[in-house]
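Okay, so here's the structure we're looking at.
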Amino acid sequence: MRFSSFVAASALCRSGSFVAAAEPALKIEKNVVDESAAVATDQKMVPGNDFTVSLAKWLGVDESVVLERATASPEFEKKFLRRNGETSPNSSAKEPHDERDGNRSTSNSIDTAPVFVPPKYELIDLLSEYKKNNPEKHEQQRLSGNTPVVFMHGMGDAGYNPGMQHLCKTTAEKYNTYVLCLDVADGFSSITTKMDDQLLAFADTVLKDSNLSDGFSLMGNSQGGLLSRAFIERFNNPVVKRFVSLSGTQNGISTCPTSLSWVCPIYTHVVDPYNSPLVFADYWKDPLDERKYLKESRFLADIGNDREKKNVNYAANMKKLEKYVMIETTKDSMVLPHESEAHGYYAWGGREKVEELRETVAYKEDWIGLRTLDEAGKLVHLKYPGDHMRIPHDMLYDEVLPILVGKEGNKRSSQAPSVEVYQ
Numbered sequence: 128m129r130f131s132s133f134v135a136a137s138a139l140c141r142s143g144s145f146v147a148a149a150e151p152a153l154k155i156e157k158n159v160v161d162e163s164a165a166v167a168t169d170q171k172m173v174p175g176n177d178f179t180v181s182l183a184k185w186l187g188v189d190e191s192v193v194l195e196r197a198t199a200s201p202e203f204e205k206k207f208l209r210r211n212g213e214t215s216p217n218s219s220a221k222e223p224h225d226e227r228d229g230n231r232s233t234s235n236s237i238d239t240a241p242v243f244v245p246p247k248y249e250l251i252d253l254l255s256e257y258k259k260n261n262p263e264k265h266e267q268q269r270l271s272g273n274t275p276v277v278f279m280h281g282m283g284d285a286g287y288n289p290g291m292q293h294l295c296k297t298t299a300e301k302y303n304t305y306v307l308c309l310d311v312a313d314g315f316s317s318i319t320t321k322m323d324d325q326l327l328a329f330a331d332t333v334l335k336d337s338n339l340s341d342g343f344s345l346m347g348n349s350q351g352g353l354l355s356r357a358f359i360e361r362f363n364n365p366v367v368k369r370f371v372s373l374s375g376t377q378n379g380i381s382t383c384p385t386s387l388s389w390v391c392p393i394y395t396h397v398v399d400p401y402n403s404p405l406v407f408a409d410y411w412k413d414p415l416d417e418r419k420y421l422k423e424s425r426f427l428a429d430i431g432n433d434r435e436k437k438n439v440n441y442a443a444n445m446k447k448l449e450k451y452v453m454i455e456t457t458k459d460s461m462v463l464p465h466e467s468e469a470h471g472y473y474a475w476g477g478r479e480k481v482e483e484l485r486e487t488v489a490y491k492e493d494w495i496g497l498r499t500l501d502e503a504g505k506l507v508h509l510k511y512p513g514d515h516m517r518i519p520h521d522m523l524y525d526e527v528l529p530i531l532v533g534k535e536g537n538k539r540s541s542q543a544p545s546v547e548v549y550q
């Protein structure tokens, strides 16, 4: 979902592109706006105020339902009402050391939750302030011989956030290539904009970028991983050569993201989870009712080719990939089940059994071309025992990025194991 600063992560992109050259053509502004200043408020959750009314309207429920749920959830004010003088929950304060990682350098400050800001306090102020302080100064040029790279952020994140800035800038400089950090559905809009609309904006942006006309490699984070795959299946113009999905919501979710857990009872019992205004309705997948999923899913069932009538173009486009890397974080608290990140999911009828990718009928019948990629040695499944998007620095920079840019050398032949547990 959101990289506040994924060590793994990211770089400055206004509409955001980076390029590295022998004589650097890139100028990077260091002025980063503090999100807490943009959205601070002293409001309480009380009947009739703008916050409560707008939130109820957004969710499509009565105001009393919101008040009841907010009162019952002590996390609400702590995580979602940002007060003057308090640190924003999305600031880049350093997180406690995770003993599971030993001395390894991990992503020091990944904010794994979506940014939640009610409609009145969207990140419009932050974005406009950022653009005012960061005028377009990037000389864009095409470096011959190096495949360009595109990065797509996750839910609640933005291409201009420090984490994404770091990843994009590092990739551009290390591999001497053009990098585009997409600013599609940034911040709060990534939570309220349907995936179909995000996908159209994604496709329009890359198609208009002449630096990408001969194809590019693509990495999507969390929700951005699913959006990226949807681009490959539906458009693939320009063609995607290599694709990396980090903690992607590839085969759906069956519960609300942790940071929005307070709203889940409303979401699942009051609002139709397949037709709510929240974006994760687009990849909601209730394992208890396959028929309803196939009938009402407005995005995932199509992208997964799950319905009886298959779109042959989806599999054909996926089969064009030179490499597809699925990174599964096995202690994920955001994407449940975490096997969804590698196209696994609960077996229909309950939550007791999880089917891994190769056990699914979608794989066996090659609905989107994954079996073909796997048999050709083009499908790589990396597992790491971390939380959502929390992978070690060396795993990202020494293992994942070289594959993304096609510089893995002889380390990965077609005989290399397609499933690896990265310890």
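Under my numbering, read the sequence shown as residues 128 to 550, first letter to last.
Just so it is clear, CB atoms sit at the ideal spot from N, CA and C, and this is done for glycine as well.
Note that this is a predicted model, so its numbers are computed, not measured.
N- and C-terminal bounds of the beta strand (DSSP E) containing residue i
i, result
"S372", "367-373"
"V452", "450-456"
"L509", "506-511"
For residue j and residue i, the rounded distance between their alpha carbons
i, j, result
"W494", "M453", "17 Å"
"I380", "M516", "16 Å"
"S424", "Y410", "7 Å"
"A357", "H470", "14 Å"
"Y490", "H293", "35 Å"
"A442", "I530", "22 Å"
"L500", "E435", "22 Å"
"R369", "F426", "23 Å"
"D459", "V366", "31 Å"
"V439", "D189", "43 Å"
"V532", "S467", "25 Å"
"D336", "K412", "34 Å"
"F407", "I318", "8 Å"
"A328", "D313", "11 Å"
"Y451", "S191", "47 Å"
"H508", "K422", "30 Å"
"D514", "N363", "31 Å"
"G431", "N378", "7 Å"
"E417", "W475", "7 Å"
"L307", "Y401", "32 Å"
"G281", "D433", "24 Å"
"S535", "L528", "It should be noted that the sequence gives Glu, not Ser, for residue 535. Taking the straight line from one Cα to the other gives about 9 Å."
"A299", "D521", "17 Å"
"S316", "T332", "17 Å"
"D252", "T487", "Since pLDDT at D252 reaches only 35, below the 50 mark, its modelled position is unreliable, and the value read off the structure follows with that caveat. Cα to Cα, the separation comes out at about 45 Å."
"D341", "M461", "35 Å"
"M291", "V311", "13 Å"
"P245", "Q325", "In this prediction, P245 has a pLDDT of 35, which is less than 50 and means its spatial position is unreliable; what the coordinates show is noted afterwards. In a straight line, the C-alpha of P245 is about 20 Å away from that of Q325."
For residue i, the residue or residues it bridges with in DSSP
i, result
"E482", "Y472"
"S569", "A query on residue 569 cannot be resolved here, the shown segment of the chain reaching from 128 to 550 and no further."
"I380", "W411"
Residue of the options minimising C-alpha distance to residue i
i, options, result
"Y305", "F343, I518, E482, D399", "F343"
"M279", "T298, D336, G352", "G352"
"Y553", "V277, T332, L309, T382", "In the structure as shown, the chain begins at 128 and stops at 550. Residue 553 is therefore absent and cannot be evaluated."
"Q350", "D331, D323, D341", "D323"
"T274", "G513, Y302, M282", "Y302"
"T382", "G536, Y472, G281, T320", "Y472"
"T320", "G283, G375, V488", "G283"
"Y524", "T297, F315, E449, Y420", "T297"
"K447", "G504, Y420, K437", "G504"
"E449", "A285, L506, K419", "L506"
Endpoints, alpha helix (DSSP H) assigned at residue i
i, result
"L354", "350-361"
"N438", "Here N438 belongs to no alpha helix (DSSP H), and DSSP marks it neither H nor E."
"V488", "488-491"
"S317", "316-319"
"K422", "417-423"
"F329", "322-335"
"R466", "According to the sequence shown, residue 466 is Glu rather than Arg. Looking at the DSSP string, E466 is not in any alpha helix (DSSP H), and its letter there is neither H nor E."
"P529", "528-531"
"L405", "First-last for L405: undefined, no H or E at that position."
"R498", "497-502"
"L339", "No alpha helix (DSSP H) contains L339, which DSSP labels as neither H nor E."
"A428", "427-430"
Short Cβ contact (8 Å threshold) for residue i with residue j
i, j, result
"G347", "L354", "yes"
"L345", "V398", "no"
"R478", "P414", "yes"
"L463", "L484", "no"
"M445", "E502", "no"
"T456", "S374", "yes"
Test: residue i CB closer than 8 Å to a CB of chain C
i, result
"E535", "Absent here is chain C; the protein component of the structure consists of one chain."
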